[in-house]
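Peer 1: After the structure tokens below, expect a handful of questions from me.
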Amino acid sequence: MAGFILKADNLHKNFDEFKAVKGVSFEIGEGEIYSLLGPNGAGKTTTISMLTGLLSPTSGNAYLNGFSVREDVNRVKEIIGVVPQEIALYPTISARENLSFWGKMVGLKGKQLSERIDIALEISGLADRAKDQVETFSGGMKRRLNIAVGLLHEPKIIFMDEPTVGIDPQSRRRILDTVKSLNENGMAVLYTTHYMEEAEELSDRIGIIDHGKLIAQGTQEELTQMVGEFDTIKLNIGEIENIEERAKKLCKLPKIENAFGENGDLMLQARDANEVLSEVIEHLNNVKIKIHSLKIQEPNLEAVFLHLTGRALRD
Ligand SMILES: Nc1ncnc2c1ncn2[C@@H]1O[C@H](COP(=O)(O)OP(=O)(O)O)[C@@H](O)[C@H]1O
Ligand SMILES: [Mg+2]
């Protein structure tokens with residue numbers, strides 16, 4: 010059996026009284042893409058910070074290729090590439106000069122350094138902008154340069170913490186494609202996101218994290234089987250005030266298991282959509298809410314999160 014490149018063993022992190030991470034355990038196999046999927050504040054960045062030696066765990070431990078983040082952090086750093094959430098670049102020098110700076114920090118020099126820089130620029134799609142000052146870059150290009158920095162020392166596993174938040178769709182597409190092509194070349198990836206579409210597209214396995222705990226993990230198929238016996242009904246009613254409260258009221262109807270509302274959509278879960286539809290429609294008619302569209306959805310990760318927490322995954 011192929012070994013694990015990463016093993017997190019019962020990681021906890023307290024910030025004074027506050028417990029940000031409460032016993033997170035998971036493994037990533039060699040060459041696997043594993044996503045931590047969870048809403049803002051779930052504990053994704055804190056978990057990554059412990060796995061990469063930036064924060065020391067309150068208790069528990071993690072191993073990268075067998076090396077403990079507590080005892081062998083220097084060995085761990087040789088194995089991992091880190092793409093942090095915030096940008097770590099010098100704006101007034103070029104992309105290439107940034108890479109050169111960071112490459113020297115990890116002990117590269119001479120021909121090897123310039124070759125690795127070329128490869129990293131190529132992978133991140135920035136080769137044609139290598140000589141431009143970073144301050145002229147879009148947010149998406151800076152993120153891609155951050156990824157390039159993380160790749161310089163040819164890590165066995167790369168950690169990407171919400172790399173697509175707040176950037177244009179084109180850069181987002183590029184980053185997702187970069188993750189896939191790195192993985193096709195054998196690199197393991199730990200990816201964090203609160204976008205279920207990204208987790209679905211990229212991951213071999215997914216851990217759903219909420220309030221500092223992994224509440225479920227498995228392949229997408231395994232996770233959606235957890236709600237397989239439930240239908241999710243999505244009703245678009247347009248932007249209205251108090252859509253959350255509206256959802257809570259619907260939740261009280263018989264046979265509705267869970268409900269939430271956001272961005273003009275009501276999402277309802279029931280064992281059998283057909284059994285509840287007429288009552289839902291009647292209820293909305295009574296309170297003079299118009300239904301713009303209605304569909305019954307296949308189980309997806311959003312439905313899994315709703316099923317497990319009774320809340321929406323998005324912010
Ligand atoms: N240095 C810190 N001091 C106190 N609380 C923190 C610190 N870092 C994170 N937290 C809190 O821990 C929780 C998890 O944060 P974080 O790991 O950043 O979540 P995520 O990355 O999933 O959005 C949040 O409630 C956050 O406010
Ligand atoms: Mg975070």
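All residue numbers for the sequence shown refer to our numbering, where the first residue is 10 and numbers rise by one. For every residue, glycine included, the Cβ atom is placed at its ideal position computed from N, Cα and C. No experiment lies behind these values; they were computed from the predicted model shown.
#1: Using the beta-carbon count (16 or more within 10 Å), is F24 buried or exposed?
#2: I'd like the list of long-range same chain contacts for V304, defined as Cβ closer than 7 Å, with 5 residues on each side in sequence excluded.
#3: From the DSSP output, which residues share a beta bridge with D141?
#4: Are the beta-carbon atoms belonging to S302 and N251 less than 7 Å from one another?
#5: Between K264 and the rest of its own chain, which residues show a CB-CB distance below 6 Å, the 5 nearest in sequence each way excluded?
#6: Here's the rule: buried if 16 or more other CB atoms are within 10 angstroms of the residue's CB, otherwise exposed. What is F110?
#7: Looking only at its own chain, which residues have a Cβ that is under 7 Å from the Cβ of E238, when we skip the five neighbours before and after it?
#8: Just to confirm my understanding: we take K16, look at its own chain, exclude 5 residues before and 5 after, and list those with CB closer than 6 Å. What are they?
#9: List in chain order the residues whose CB is within less than 5 Å of at least one heavy atom of ligand 1.
#10: Is L117 closer than 7 Å to F168 when the C-beta atoms are compared?
#11: At the level of alpha carbons, what is the spacing between Y43 and E87?
#12: Between the Cα of G175 and those of S287, N70, I96, L63, spot the shortest distance and give me the residue it belongs to.
#13: Should Q121 go down as buried or exposed, given a rule of 16 or more other Cβ atoms within 10 Å for buried?
#14: For F76 and L160, I'd like the C-alpha separation in whole angstroms.
#15: How many Å lie between P308 and A282 at the Cα?
#16: When you compare the CB positions of R152 and L135, do they come within less than 7 Å of one another, or not?
#17: Could you tell me which uninterrupted alpha helix (DSSP H) segments, each at least 4 residues in length, are contained entirely in the region 175-231, listed from first to last along the chain?
#18: How is the alpha helix (DSSP H) around S58 delimited, first residue to last?
#19: Looking at the unbroken beta strand (DSSP E) that takes in I42, where does it start and where does it end?
#20: By the three-class DSSP mapping on this structure, what secondary structure does A321 have?
#21: If I measure Cβ to Cβ from N74 and keep anything under 7 Å in the same chain, skipping five residues before and after, which residues do I get?
#22: Given a threshold of 16 other Cβ atoms within 10 Å of its Cβ, counted over all protein chains shown, does V85 qualify as buried or as exposed?
#23: Going residue by residue through the region 239-316, where are the continuous alpha helix (DSSP H) segments of at least 4 residues, counting only ones entirely within it?
#24: Specify, as a first and last residue, the run of the alpha helix (DSSP H) that F35 falls within.
#25: Count the other CB atoms, across all protein chains shown, that sit within 10 Å of the CB of T201; report buried if there are 16 or more and exposed otherwise.
#26: Suppose contacts are defined by Cβ-Cβ distances below 7 Å. Is A51 in contact with I218 by that definition?
#27: How many Å lie between K297 and E253 at the Cα?
#28: Closer than 8 Å by C-beta to A197: which residues in its own chain qualify, once you throw out the five before and the five after it? Chain order, please.
#29: List the DSSP bridge partners of D170.
#30: Determine the direct distance from the alpha carbon of I215 to that of H316, and round the result to whole angstroms.
#31: Beta-carbon separation of T55 and V30 under 7 Å?
#32: Can you say whether P93 is buried or exposed, counting buried as having 16 or more other CB atoms within 10 angstroms of its CB?
Peer 2: Let me lay it out:
#1: Residue 24 sits at position 15 when you count from the first residue of the sequence shown. The residue is exposed, with fewer than 16 neighbouring Cβ atoms inside 10 Å.
#2: By 1-based counting over the sequence shown, the position of residue 304 is 295. Before going further, note that residue 304 is Lys rather than Val in the sequence given. In its chain, beyond the 5 residues on either side, K243 have a beta carbon closer than 7 Å to the beta carbon of K304.
#3: Locating residue 141 in the sequence shown gives position 132, where the first residue counts as 1. Paired residues: none, contrary to the question.
#4: If you number the sequence shown from 1, residue 302 lands on position 293. If you number the sequence shown from 1, residue 251 lands on position 242. Not closer than 7 Å, so no.
#5: Translated into positions along the sequence shown, residue 264 becomes position 255. Beyond the five residues adjoining it in sequence on each side, K264 comes within less than 6 Å, by CB distance, of A279, E284, V285 in the same chain, given in chain order.
#6: Residue 110 sits at position 101 when you count from the first residue of the sequence shown. Counting Cβ neighbours within 10 Å, F110 comes out exposed, since fewer than 16 surround it.
#7: Along the sequence shown, read from residue 1 onward, the residue named residue 238 stands at position 229. Result list for E238: R280, in chain order.
#8: Stepping through the sequence shown from its first residue, residue 16 is reached at position 7. Around K16: E36, Y72.
#9: That gives F24, A29, N49, G50, A51, G52, K53, T54, T55.
#10: As a position in the sequence shown, residue 168 is number 159, starting the count at 1. As a position in the sequence shown, residue 117 is number 108, starting the count at 1. Against a cut-off of 7 Å, the Cβ pair of L117 and F168 comes out as no contact.
#11: For this step, residue 43 is matched to residue 34 along the sequence shown. For this step, residue 87 is matched to residue 78 along the sequence shown. Spanning the two alpha carbons is a distance of roughly 20 Å.
#12: To locate residue 175, count along the sequence shown from 1; it is residue 166. Nearest C-alpha to G175: I96.
#13: Locating residue 121 in the sequence shown gives position 112, counting from the first residue. Exposed is the call here.
#14: Numbered from 1 along the sequence shown, position 67 holds the residue referred to as residue 76. Numbered from 1 along the sequence shown, position 151 holds the residue referred to as residue 160. Cα to Cα, the separation comes out at about 20 Å.
#15: Within the sequence shown, the letter at position 299 stands for residue 308. Within the sequence shown, the letter at position 273 stands for residue 282. Approximately 13 Å between the Cα atoms of the pair.
#16: Mapped onto the sequence shown, residue 152 falls at position 143. Mapped onto the sequence shown, residue 135 falls at position 126. No; because the gap between Cβ atoms is not below 7 Å, this pair is not in contact.
#17: Runs of the alpha helix (DSSP H) inside the region 175-231: 178-193, 205-211.
#18: As a working note, residue 58 is residue 49 in the sequence shown. It spans 53-60 - the alpha helix (DSSP H) in which S58 sits, taken as one unbroken run.
#19: Translated into positions along the sequence shown, residue 42 becomes position 33. Its beta strand (DSSP E) spans residues 42-46.
#20: For the purposes of this step, residue 321 is taken as the residue at position 312 of the sequence shown. Here A321 sits in coil by DSSP.
#21: On the sequence shown, position 65 is the one that residue 74 refers to. The answer, listed in chain order, is I14, I88, K165.
#22: The count along the sequence shown starts at 1 and reaches residue 85 at position 76. Its Cβ being crowded by 16 or more others within 10 Å, V85 is buried.
#23: Within the region 239-316, the complete alpha helix (DSSP H) runs of at least 4 residues are 252-260, 282-295.
#24: Position 26 of the sequence shown, counted from the start, is the residue given in the question as residue 35. F35 -> not in any alpha helix (DSSP H); beta strand (DSSP E) instead, spanning 27-38.
#25: Residue numbering aside, residue 201 sits at position 192 when the sequence shown is read from its first letter. Result: buried.
#26: Position 42 of the sequence shown, counted from the first residue, corresponds to residue 51. Position 209 of the sequence shown, counted from the first residue, corresponds to residue 218. The answer is yes: Cβ separation under 7 Å.
#27: Here the question's residue 297 lines up with position 288 in the sequence shown. Here the question's residue 253 lines up with position 244 in the sequence shown. A direct Cα-Cα distance of roughly 16 Å separates K297 from E253.
#28: In the sequence shown, the residue the question calls residue 197 occupies position 188. A distance below 8 Å between beta-carbons, with the five flanking residues on each side excluded, links A197 to the following residues of its chain, in chain order: I14, L15, I37, G38, E39, G40, E41, I42, Y43, K165, I166, I167.
#29: Against the sequence shown, residue 170 aligns to sequence position 161. Partner residues in the beta bridge of D170, as assigned by DSSP, are T201.
#30: Here the question's residue 316 lines up with position 307 in the sequence shown. Here the question's residue 215 lines up with position 206 in the sequence shown. So the two alpha carbons sit approximately 16 Å from each other.
#31: Locating residue 55 in the sequence shown gives position 46, where the first residue counts as 1. Locating residue 30 in the sequence shown gives position 21, where the first residue counts as 1. Going by beta carbons, T55 and V30 fall inside the 7 Å limit.
#32: As a first step, residue 93 must be located in the sequence shown, where it is residue number 84. It counts as buried.
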